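In full-length UniProt numbering, the protein residues as written are 1 to 605.
Using N, Cα and C, we set each Cβ at its ideal position, and we do this for glycine too.
No experiment lies behind these values; they were computed from the predicted model shown.
A short write-up of the structure that comes next.
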Amino acid sequence: MSFHLHKFPLMSKSRKIHRMLTEQEEERPARQRRRGRSAGDNAAAAPAPETEIEEAEEEEDEEDEQQEQQVRMDDGKSYRVTFPDFPGGPGTFEAAAKFCYGVRVELTPWNVAPLRCAAEYMEMTEEHAEDNLAARAEAYLAQAVLRHPGEATKALKSCEELLPHAEELGIVARCVEAIAARSSAASSRSWSDDLAVLGLHMYKRVMAAMAAREDVRTTEAMESCLVSYAKATLPGLSRSMRWRRASAPVSSELEQRDLLEAVVASLPADKCSGRVVTAKFLFALLRTAHILRASDAARAALERKAATQLEQATLEDVLIPSYSGATETLYDVDCVERVVRHFLAEDVVGEDEASSSAAITEEEAARTTASRPSAVAMVQVGKLVDNYLAEVASDANLKPAKFCELALALPDHARVYDDGVYRAVDIYLKAHPRLTAEERDRVCGVVDCRKLTVEACTHAAQNERLPLRAVLQVLFFEQLQLRRAITATLLASTGAPRPQQQQRAAAGPSETWRTTAVQDSHVLRVDMDGMRSRVQGLERECSSMRRAIKKIDGRDDDAPGSPGSAGGATSSWRSRYGCKFSTQVCDSQARDAVVSRASRMGMSP
């Protein structure tokens with residue numbers, strides 16, 4: 001772009017333009033003398049008749065006179081100055097030229113860095129003229145830009161097109177430091193979205209500067225910036241895509257992969273607060289990492305980080321589709337299993353650290369306790385895994401071994417009741433009717449029949465998809481639970497004396513105390529007799545059932561050509577004892593099963 005300007009306003013403010021124009025003025029006479037000598041040599045060497053030569057010379061002299069006159073006019077009024085690498089481009093030069101003419105130029109966070117670089121390029125400093133552009137830009141940077149992280153972010157964005165000039169002047173370093181230093185202020189919560197405008201290089205520098213400051217508030221601000229930047233730059237981070245700005249450009253797959261790995265590298269080393277970097281965000285990053293085929297190191301880091309907040313995840317978060325051609329399942333079960341094992345490893349590491357060091361400080365003990373998952377978190381993860389198993393159980397390509405590995409990965413105390421895993425087993429058996437007897441037994445073996453509620457036990461007793469052995473275990477443990485409940489009631493009744501009885505004993509024996517004791521003893525004896533009779537009845541019924549089952553098994557074994565399948569034995573056993581219920585998929589969930597003493601006592605065997 002060309003600009004037609006006056007030389008004196010420019011020379012008065014710019015030392016560089018003053019020097020360039022002065023050099024051109026000094027070179028003009030010598031250039032004119034060289035041009036005159038070359039014109040005389042050409043005229044003397046022309047082979048033509050004199051008249052024609054004279055006429056030709058006269059015409060040439062007239063043309064040369066016009067050209068020289070034009071040159072002389074140019075000498076007096078115009079110069080040509082070229083700036084091929086001017087920082088900020090034509091727009092910045094125009095603003096700097098207006099400043100030279102005395103026109104008021106409004107400084108903003110977006111143009112102050114380009115104008116400062118232009119002032120340095122044109123040498124518009126205080127040594128050449130007072131109140132020059134360089135001083136004006138420096139004052140605005142210090143007073144209006146570097147005091148606010150949002151304004152500093154805008155200035156830093158403008159520096160991306162000013163390298164290396166902005167770097168040499170220290171504008172980039174000052175903006176980065178200003179953002180990191182003031183990021184923990186309460187008023188800076190609204191500028192985290194502005195950080196998303198930065199390129200990857202500038203973003204890394206800001207995150208590195210923030211990470212170098214060991215401050216809790218700075219860490220929270222860093223997490224907020226991290227989430228905002230990821231949401232603005234990674235289009236595959238959200239399933240709904242509603243959050244994405246309409247004007248945000250879509251990067252290539254390679255650029256998105258680099259952005260993702262940069263975000264992963266910026267995650268705090270310790271466990272995140274959970275208020276900003278949530279489990280949903282971490283699992284969304286993990287899902288995007290699979291889509292973009294990120295490096296194994298980035299995916300492993302995300303799996304470990306997601307495991308620290310696994311108890312806060314929902315079923316939708318952990319349903320990560322399988323994008324690998326080697327995996328036939330719809331969802332990536334291996335990834336979820338690795339995350340679960342990372343979660344369990346924290347519990348093991350926390351126990352080892354607490355038991356191996358007896359002289360640790362209070363701060364280290366608090367850090368170790370905070371890193372270990374609590375009992376509540378373990379139960380939440382147990383429910384999440386059971387729901388996940390129920391969701392993926394209908395996948396025809398899910399192998400029994402993989403199903404059992406994930407179900408058995410959790411410790412016993414992660415499940416208060418096994419209703420959830422029983423529901424997943426029921427769905428799996430329905431979706432895989434061609435399992436062998438050994439595979440069916442292995443799948444059903446993940447359920448602890450002792451931890452099933454009454455509703456789940458009732459459903460299991462009527463479930464034709466379960467092997468006979470599993471049904472018998474359910475009935476046996478149900479009877480065992482009933483016996484233990486009755487025994488616990490008896491022990492509670494005959495145990496320590498009541499507070500009223502202790503007070504009476506402390507006051508001394510009396511007739512009232514003897515009467516009350518006799519009455520209590522009589523009531524307890526009646527209750528014990530009634531409970532004993534009921535227990536004996538249940539034992540007789542159980543013995544009768546065992547004898548009947550043995551007869552059924554012997555008859556099936558002796559029958560020639562009998563298939564001897566567990567399903568057939570179960571059906572005949574149910575038909576013999578009146579179990580004519582239609583089987584449905586179990587929808588009972590793990591819940592608190594509170595069975596009163598009266599309902600337990602009055603339940604029909």
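So what does DSSP say about residue i, is it helix, strand or coil?
i           : result
Ser2        : coil
residue 606 : In the structure displayed, the chain extends from 1 to 605; residue 606 sits before or after that span and is not available.
Tyr331      : strand
Pro467      : coil
Asp75       : With a pLDDT of 45 at Asp75, under the threshold of 50, the predicted position of this residue should be treated as unreliable, and no value is reported.
Ser582      : For Ser582, the pLDDT reaches just 43, beneath the cut-off of 50, and the residue's location in the model is therefore unreliable, although a value from the coordinates is still provided. Three-state DSSP puts Ser582 in coil, outside helix and strand.
Pro84       : coil
Ser355      : In this prediction, Ser355 scores a pLDDT of 48, lower than 50, which makes its location untrustworthy; the coordinate-derived value is nonetheless stated afterwards. Of the three classes helix, strand and coil, the one that applies to Ser355 here is helix, per DSSP.
Pro321      : strand
Lys271      : coil
Ala119      : helix
Ser295      : coil
Leu195      : helix
Gly420      : helix
Lys399      : coil
residue 618 : Nothing can be reported for residue 618: it is not among the residues displayed for the chain, which extend from 1 to 605.
Arg415      : coil
Asp553      : helix
Ser374      : coil
Leu282      : helix
Ala365      : Interpretation of Ala365 is limited by its pLDDT of 46, a score under 50 that renders its predicted location unreliable; the figure taken from the coordinates is listed afterwards. Reduced to three states, the DSSP call for Ala365 is helix.
Arg434      : coil
Met222      : helix
residue 610 : With the chain covering 1 to 605 only, the question about residue 610 has no answer from this structure.
Met124      : coil
Asn111      : coil
Using only the alpha-carbon positions, how far apart do residue i and residue j sit?
i      : j      : result
Glu337 : Leu406 : 6 Å
Ser324 : Arg484 : 51 Å
Arg546 : Asn397 : 38 Å
Val416 : Met378 : 10 Å
Thr314 : Ile552 : 47 Å
Met210 : Ala301 : 20 Å
Leu260 : Leu472 : 53 Å
His413 : Asp270 : 26 Å
Arg450 : Glu438 : 22 Å
His201 : Ala142 : 24 Å
Ala306 : Ile486 : 45 Å
Asp75  : Ser14  : For Asp75, the predicted model reports a pLDDT of 45, less than 50, meaning its position is unreliable; a value from the coordinates is still stated below. Rounded to whole angstroms, Asp75 to Ser14 spans 21 Å at the Cα level.
Pro400 : Val197 : 49 Å
Ala219 : Pro149 : The sequence shown places Thr at residue 219, not Ala. For Thr219 and Pro149, the distance between alpha carbons rounds to 15 Å.
Pro90  : Met1   : 7 Å
Using alpha carbons as the reference points, say which of the options lies closest to residue i.
i           : options                           : result
Pro268      : Ser14, Ala208, Thr489 and Asp419  : Ala208
Ile171      : Ala390, Leu226, Trp110 and Thr218 : Trp110
Ser183      : Glu346, Leu226 and His201         : Leu226
His432      : Lys231, Met545, Leu344 and Phe403 : Phe403
Leu319      : Leu259, Val385 and Ser533         : Val385
Ile291      : Ala313, Ser322 and Thr314         : Ser322
Met122      : Phe476, Ser190, Arg423 and His18  : His18
Phe99       : Ser12, Lys16, Glu151 and Arg442   : Ser12
residue 608 : Gln481, Asp193, Leu162 and Gln462 : Any property of residue 608 remains undetermined from this structure, which presents the chain solely from 1 to 605.
Arg469      : Gln479, Ile486, Arg440 and Ala306 : Arg440
Ser544      : Ile486, Phe476 and Thr487         : Phe476
Glu130      : Pro149, Lys154 and Gly102         : Gly102
Glu127      : Lys16, Glu168 and Leu162          : Lys16
Ser158      : Cys542, Asp194, Met124 and Thr125 : Asp194
Ala390      : Ala424, Lys383, Ser374 and Gln24  : Ala424
Do residue i and residue j have their C-beta atoms within less than 9 Å of each other?
i      : j      : result
Leu429 : Arg465 : yes
Val276 : Glu311 : no
Ser252 : Lys204 : no
Asp317 : Lys280 : yes
Ala137 : Ala166 : no
Val145 : Ala178 : yes
Gly199 : Glu160 : yes
Thr329 : Val421 : no
Leu538 : Gln479 : yes
Leu344 : Leu410 : yes
Check the C-beta distance from residue i over to residue j and give it rounded, since I have them as a contact under 8 Å.
i           : j      : result
Ala96       : Leu133 : 6 Å
Cys457      : Val474 : 5 Å
Thr92       : Leu107 : With a Cβ gap of about 12 Å, Thr92 and Leu107 do not count as contacting.
Val340      : Ala298 : Between Ala298 and Val340 the Cβ distance is about 20 Å, and since that is not below 8 Å, they are no contact.
residue 622 : Leu254 : Since the first residue shown for the chain is 1 and the last is 605, residue 622 is missing from the structure and cannot be characterised.
Asp418      : Val447 : 5 Å
Is any heavy atom of the ligand NAP found at a distance shorter than 8 Å from the C-beta of residue i?
i      : result
Tyr121 : The ligand NAP is not among the ligands present in this structure, which contains no ligands whatsoever.
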